[in-house]
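In my numbering, the protein residues as written are 5 to 153.
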């Protein structure tokens, strides 16, 4: 199946201190080829775009996404706050598009869009390494652990 969007430019930046990755995609959504419903085509295009933008994020990662026109950078971007990867869908973004269409700002889905995705890798387990005794005497373990008096 052909892509429903065209990638114009990609920029990736890694923030090691915060264990996060920022990816900026400049994309252009394609017009429907046949006489399909434009709203359904737009939803499918946004779904494909989300899948492409989040292909490197893990299931337990927190993801934030901003979408704005490349032409009018002064307008407020459409943004989705941090949430789990599987909670981000085209329906959520569609509700944000509806809110933007009711405001005075100009937003055209056929313009070149700048999609910024930030993903933060969340630890899967508790993050603290457990100190195992492995047969060491209690006096040695008391020196290793700070909480034992």
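Where is the CB? At the ideal position from N, CA and C, for every residue including glycine. As the structure is a computational prediction, the values presented were derived from the model and not from experiment.
Query, Result
"Cβ-Cβ distance between residue 57 and residue 119 below 9 Å", "yes"
"Three CB pairs or more closer than 8 Å across the stretch 62 to 76 and the stretch 85 to 103", "yes"
"Cβ pair residue 121, residue 17 closer than 9 Å", "no"
"Outcome for residue 49 when other beta-carbon atoms lying within 10 angstroms are tallied against a minimum of 16", "buried"
"C-alpha gap between residue 147 and residue 141, whole angstroms", "10 Å"
"Of the residues 70, 74, 75, 126, the one placed nearest residue 101, counting alpha carbons only", "70"
"Selected residue, minimal CA-CA separation from residue 43, among 13, 74, 19, 114", "114"
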